[in-house]
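Step one of this worksheet: look at the structure below.
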Amino acid sequence: MGYAGGNAVPRMAGPTPGVSRPTAVTRARRDRCSGVFRAMTDAFAPAHDGLGARKRPTISFEFFPPKTEEMERNLWGTITRLAPLDPSFVSVTYGAGGSTRERTHSTIARILSDTRLRPAAHLTCVGAPRGEIDEIVSRYRDIGVRHIVALRGDPPGGIGTAYSTHPEGYRTSADLVAGIKRRHGDIEISVSAYPEKHPESPDIDTDIDVLKAKVDAGATRAITQVFFDNNLYLRYLDRVRARGIDIPIVPGIMPMHNFKQARAFVTKAGTTVPAWLAEKFEGLDEDPETRKLIAATVAAGQVQKLAKRGVDTFHFYTMNRADLVFAICHLLGIRPDAAQKAA
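Each step along the sequence shown adds one to the number in full-length UniProt numbering, with nothing skipped, and position 121 is 121.
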């Protein structure tokens, strides 16, 4: 008889043979990914100017000097991947207490010789006399560097350990900025800014006083510490502008490749990690592919929401990895420069 009417085969109450029922963990992961894709749809509407033309954000990237040959290969693979996105500059970090000085210099030198990128050298004033710092700046200038990211720097023991100035050194980052400008007026200087204040500052107003001193000394750009709540940045920007500080305050964006490691790192620097962000990565310690998807979505959504509030410049802490940063830039409408691709 035909398969119809009262002769229809009744549905079995149990699971379909051969098909496993999703576990609670699988369902939670599926629901989370579904939410991620909805967020991607909502967040990635292009930003437009008043005439309806799409606006291309200005971007820059941070790298750190490699310790091993394998890390060197990884860094240059990352640089090769990101260079065609035409960043306004790329910065190379300087380890605590100047511990990566020569590696930072050699990385900067190779960027200058092997690419068309505009490198900025991080420089700290901790643990060295003025003459030594001045000589480092002169060496950079001699090879063509015209941009320094001037920082006080962390103590050699790392964040949270006691800080003391060198008896013959620059006392503060503002002193460092002033010293560089006195000797090399053609060098552009970027400095740091802290939407949640520096961990050692007693309050946000004191922290803004420090930023004002750096600007008065000659800094022309500030790059923020990582933040995950855009309102913190926007409120900070209002307070900074109210103090008469009008240099660009560039938001620093960090895609969370490894959430546990990144959280431990940024919280030491005073960054608040919201509960909603921790929840998105919960249960994904052994699932790097889903972590990557969520990390890209969170960071791209953050940048796109800032763009809708008029922010048009972003600095990416790449952690020497290209994949998520490239994907985020692509979602923001940034495409490889044709001339660089052909080079």
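Glycine included, C-beta positions come from ideal geometry on N, C-alpha and C.
Restricting attention to beta strand (DSSP E) runs no shorter than 3 residues, the region 57-95 encloses them at 58-63 and 90-92, ordered along the chain. Exposed is the label assigned to Q261, since fewer than 16 other Cβ atoms lie within 10 Å of its Cβ. With contacts defined as CB atoms closer than 7 Å, I148 and A193 fail to qualify as a contacting pair.
Judged by DSSP in its simplified three-state form, L306 adopts helix.
Distances from the CA of P129 to each of V137, H166 and I111 were compared; the closest alpha carbon is that of H166. The region 195-212 makes no contact with the region 175-183, as fewer than three CB pairs between them are under 8 Å. Distance from the CA of E168 to the CA of C125, rounded to the nearest whole angstrom, comes to 11 Å. M254 is positioned such that its CB atom lies no closer than 7 Å to that of V298. Here G252 carries a strand assignment [DSSP, helix/strand/coil]. Bounds of the alpha helix (DSSP H) holding F259 are F259 to K268. The C-alpha of T80 is placed about 21 Å away from the C-alpha of I143.
Under DSSP, L277 shares a beta bridge with no residue. Per DSSP, R221 is not a residue of any alpha helix (DSSP H); the beta strand (DSSP E) it occupies stretches across R221 to T224. Looking only at L211, S138, G185 and P195, the smallest Cα-Cα distance to S173 is reached by L211.
In the structure shown, I187 adopts coil according to DSSP, grouped into three states. Secondary structure note for L151: its beta strand (DSSP E) is the uninterrupted segment H147 to L151. For a cut-off of 8 Å, the C-beta gap from T107 to P65 is around 5 Å, short enough to register as a contact. For the options N230, G252, L234 and H198, the alpha carbon positioned closest to that of R221 is the one of G252.
Rounded to the nearest whole angstrom, the C-alpha separation of D86 and I59 is 8 Å. Taking C-beta separations shorter than 6 Å and ignoring five residues to either side along the sequence, the partners of F316 in its chain run F61, I253 and V325, following chain order. Under the DSSP assignment, Y317 falls in the beta strand (DSSP E) whose first and last residues are T313 to Y317. Within the DSSP bridge table, the entry for H122 names V149 as partners. With contact defined as three or more Cβ pairs closer than 8 Å, the region 267-284 and the region 308-315 are not in contact.
Rounded to the nearest whole angstrom, the CA to CA distance from D154 to V215 is 21 Å.
The region 289-305 makes no contact with the region 232-248; the number of CB pairs closer than 8 Å stays below 3. Contact annotation, H198 with G270: C-beta distance approximately 7 Å; criterion of less than 8 Å satisfied. T78 is a Cβ neighbour of N320, given a cutoff of 7 Å.
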